[in-house]
Every structure is written in C-alpha cells, then in structure tokens.
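According to our numbering, the sequence shown is numbered sequentially starting from 720. Backbone N, C-alpha and C define an ideal beta-carbon position, used for all residues, glycine too.
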Amino acid sequence: MALKKCSLCSKPKIVAKILGVCRECILERFTEALPYIDRAHKLTRESFSLPSSSLTEGGGARCNLCARKCLIPEGCSGYCGLRKNTEGVIKGPHHKEAFVSWYLDPLPTNCVADWFCPGGTGCGYPQFSYKNGPEQGFYNLAVFFEGCNLNCLYCQNWHFRYSHLRSKKSSLKELLMSLNQKVACVCYFGGDPSPQAPFAIKLSKLAIEKRMDSILRICWETNGLFSQALLPQIIELSLITGGIIKIDLKAWHKEIHLALTGFGNEKILQNFVFVAQFISKRESVPLLTASTLLVPGYVEEEEVYNIAKFIAELNPEIPYRLLAFSPQFYMSDLPLLEKKKANEVLKLAKAAGLKIVSLGNEHLLR
Ligand code: SF4
Ligand code: SF4
C-alpha cells in the first residue's frame, strides 16, 4: 500500500490527500493541523455551493432545528444548506414539506441493524414483527433526506449535495400514499434526518395513525445531531413501534471527528447517552445501536476501543457494528481495510466490554 508524507511530521503514513495530515499530528499538533482541516472542508463544500464556515460564532439568526444550532448571517444559508436567514427569519423545509426521496425496499434489507432487527430476524415477534424470522414478503419504506449537517470527507451518499436535487419539496401526503399494508417499517436516513426532523416526526405520527393496530416500526439511521428538544419525540416513536435508533459514532477523539466530518462529536455523544436512558423501557427489541466506519489510518484500534468502552459503560448489551471502509468522495485515495486489521479491531471492541459486536461490509476488506 502506498504511504504518503504527512505535511506536518513528514513521516510516511496513511494520509488522505484532501487532509494532508496524519492522525497522530491531528491529535498531537492540533493547532498546526487545524488550517489543513479547515482548508479541506472549505474546498469540499465550496464545490457544492454549501457554506464553508461552521457558523458557530458571529451575528445572525439562530436555527435550533438540529444540534449544530447555526448562527446564520442575514441572506445566508445554514450549514446544511437547507435553511436561510431572510430578513432575520429562518426559512426552509418544515413539518409539512421536506427535501426527501423514498422507495419501497423488500425485507430483509441491508440496513445497519439488519443483523438483530425484527425485519431481518423476527426479533420481537409477534408484537413487533410479522414473522418469526426474516420478514419476507414485507417492505421497508426507505426515506432519504436530501441534506446533512456534517461534511464527512468519505461520504457515501454525497450526491445529495447537488442543489438541483433539492429543487422541489415533497409533501406528507405524497409519502403517505406509499404506505401500503405490506410496509412493516419506515427507515429515515440520508443525508441525515436531523436537519428535517419535524417532517419525519409528523410523518411518523400520521403513518402510525393510518396503520393503527398493525405493525409499523419507525427507525432512524443518523449521525446523531438531533436537536435535544426533539429527541424525546423521536425516542417515543421508535419505542412504541419496535423501531431502532442507529447512531454513527464516527470517531472518539473530537479532533479526529472534526477532521473527518467538519464538526466535533460532543453533542452526538450527549445525544447517545440521552437515548441510552430509555433502553430498559423495551427489552424485546434493542432501542439503540451504534456503528463506526473503520477509516484506514484515522479510525482504527484506539478510536474503536474508546467508543466501545463508552458504549459498554452505558450498557454492554447495546449492539455495535463496525463497517469496512469504501474509498469514496474526497477520501477515494485511501486504501481498503485489511481483513487482519478489521478482526483485531473487532476483538478490541469486545475486549472493551461489549457483548453484541459485528463487522459489516466484509466484502470491502482486502
Ligand atoms: S438544521 Fe442544523 S445545520 Fe441546518 S441550518 Fe439549522 S442548525 Fe444549521
Ligand atoms: S453524516 Fe452521513 S450523509 Fe452526512 S456527510 Fe456524513 S456520511 Fe454523508
């Protein structure tokens, strides 16, 4: 595998060209690494006409719709590019309309929770699953939110960044029309559902009402940046329906998280702790799960061990899935992960105290 010289320590390392700096320098020489990190995110956002600054300081109107809480200057957009400050008022998608696309996905599907969820295994049958095994013959209504409040340099669904995809909002009515009797779950993903959460919450409530007395699980695949004010409703919707909340814990050190995603992980970890309080309210199907993408050179043993320890201290029964890396977007120059390395990391996650750990996307290992 070709190593590159880190721009700070000059040592040959696994270094993504877009960042130019290695993991060790990000951690040990953060002040010097920061201009490289800022440059990488500025560059990758400008090409999609998305705001390059983190919008945490300065003047403007505050958007509270997700945990980023952008301070948006007059006439400008928030970090997700979905909301704008127009004469002091934040305008954008709301609970009746959203930038969203959707499709019916036959169950069992390849969602991150499929290895233990009711749709993939029949867990929670008969209260939360139609079958005592994989729910063949049923569907997941997969709802893709076009927009995100992070800027992962390896984003696998990066196409939502093209603003022409966000030229038309869809209504609750249009989505509800896809909800036939064979739909067993609704999964919100994207991009991320958090910047458009009011729409997902309203849709879930109407869908549950429409499908009264039949199983309809509400699930979330998210980066975890939900507004804390909306989180109780999101948890309740999943709890009562047998749904699962999957939160990506992308890195343990906030510096690594910032380098890879453009934002620190403090609020995500806080939200994870908040959701974990509700696990004991439903034992038949796990309410919360976590996943981490193993990014060669950046998210390996130390990041995963610390994340796993953090999860295990909350509850050792929380399922944790590690995902093999797929070189994409601005990190397409990174190598595939070695099988040996992935297995070592998996062992560490178990050694940190977690009981339910697995490795996904194994076909991507070398
Ligand atoms: S939804 Fe989040 S990212 Fe988008 S403008 Fe509001 S606070 Fe910023
Ligand atoms: S959170 Fe997901 S959708 Fe958003 S930028 Fe990161 S990888 Fe892409």
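- Excluding sequence positions up to five away, which residues of its chain have a Cβ less than 6 Å from the Cβ of T763? By 1-based counting over the sequence shown, the position of residue 763 is 44. The residues are Y1049.
- Task: For H1082, count neighbouring Cβ atoms within 10 angstroms of its own Cβ and tell me buried if that reaches 16, exposed if not.
- Result: In the sequence shown, the residue the question calls residue 1082 occupies position 363. H1082 should be labelled exposed.
- Does ligand 1 have even one heavy atom less than 7 Å from the beta-carbon of C725? Counting from 1 along the sequence shown, the entry for residue 725 is found at position 6. Result no, Cβ not under 7 Å from ligand 1.
- Range of the contiguous alpha helix (DSSP H) that encloses A916: Here residue 916 refers to the residue found at position 197 when the sequence shown is read from its first residue. It spans 916-929 - the alpha helix (DSSP H) in which A916 sits, taken as one unbroken run.
- Below 8 Å on the Cβ atoms is my guess for A1043 versus L1073; work out the distance and round it to an integer in Å. Counted from its first residue, the sequence shown places residue 1043 at position 324. Counted from its first residue, the sequence shown places residue 1073 at position 354. Rounded, the Cβ-Cβ distance is 18 Å, inconsistent with contact.
- Do T828 and G838 have their C-beta atoms closer together than 8 Å? Residue numbering aside, residue 828 sits at position 109 when the sequence shown is read from its first letter. Residue numbering aside, residue 838 sits at position 119 when the sequence shown is read from its first letter. Result yes, Cβ atoms of T828 and G838 sit closer than 8 Å.
- Item | Rounded separation between K1060 and K921 - CA only | Along the sequence shown, read from residue 1 onward, the residue named residue 1060 stands at position 341. Along the sequence shown, read from residue 1 onward, the residue named residue 921 stands at position 202. Taking the straight line joining both Cα atoms gives about 43 Å.
- Hey, out of A735, C867, G807, whose CA is closest to L769's CA? The residue labelled residue 769 in the question sits at position 50 within the sequence shown. Looking at the Cα atoms, C867 is the closest of the given residues.
- Task: State the DSSP-derived secondary structure class of N804, mapped to helix, strand or coil.
- Result: Translated into the one-based positions of the sequence shown, residue 804 becomes position 85. Residue state, collapsed to three classes: strand.
- Message: Looking at T1008: is its Cβ nearer than 8 Å to the Cβ of V1018?
- Response: Here residue 1008 corresponds to residue number 289 of the sequence shown, with the count starting at 1. Here residue 1018 corresponds to residue number 299 of the sequence shown, with the count starting at 1. No, they are not a contact pair.
- Query: Hey, is the stretch 887-899 in contact with the stretch 840-856, meaning 3+ C-beta pairs nearer than 8 Å?
  - Reply: no
- Query: Whole-angstrom Cβ separation of G962 and Q846, contact assumed at under 8 Å?
  - Reply: Residue numbering aside, residue 962 sits at position 243 when the sequence shown is read from its first letter. Residue numbering aside, residue 846 sits at position 127 when the sequence shown is read from its first letter. Actually they are not in contact, since the Cβ atoms of G962 and Q846 sit about 12 Å apart, beyond 8 Å.
- Beta carbon nearer than 5 Å to a non-hydrogen atom of ligand 3: Questions concerning ligand 3 fall outside what the structure shown contains, since the ligands it does hold are ligand 1 and ligand 2.
- Task: Please go through the same chain and pick out, in chain order, the residues whose beta-carbon is closer than 8 Å to the beta-carbon of V831, but skip the five residues on each side of it.
- Result: Locating residue 831 in the sequence shown gives position 112, where the first residue counts as 1. Once the five neighbours on either side are set aside, the close Cβ partners of V831 are E940, K965, T1008, S1010, R1040, L1042, G1079.
- Task: Quickly, what does DSSP pair D824 with across the bridge? List them, please.
- Result: On the sequence shown, residue 824 is found 105 positions in, with the first residue counted as 1. According to DSSP, which records beta bridges pairwise, D824 is partnered with N859.
- Query: Counting along the chain, where does the alpha helix (DSSP H) carrying R733 start and finish?
  - Reply: Numbered from its first residue, the sequence shown carries residue 733 at position 14. For clarity, residue 733 is Ile in the given sequence; the question names Arg instead. From DSSP, I733 is part of no alpha helix (DSSP H); its letter is neither H nor E.
- Message: Can you tell me whether L950 is buried or exposed? The criterion is at least 16 other CB atoms within 10 Å of its CB, across all chains shown.
- Response: Here residue 950 corresponds to residue number 231 of the sequence shown, with the count starting at 1. It counts as buried.
- Just to confirm, are E662 and I975 a CB contact at a threshold of 8 Å? Limits of the chain in this structure are 720 at one end and 1085 at the other, which puts residue 662 out of reach.
- Message: Please classify T980 as buried or exposed, where buried requires at least 16 neighbouring CB atoms within 10 angstroms.
- Response: One-based indexing of the sequence shown puts residue 980 at position 261. Buried, because 16 or more other Cβ atoms sit within 10 Å of the Cβ of T980.
- Item | Where A817 sits in the DSSP three-state scheme | Taking the sequence shown and counting its residues from 1, one reaches residue 817 at position 98. Strand, per DSSP.
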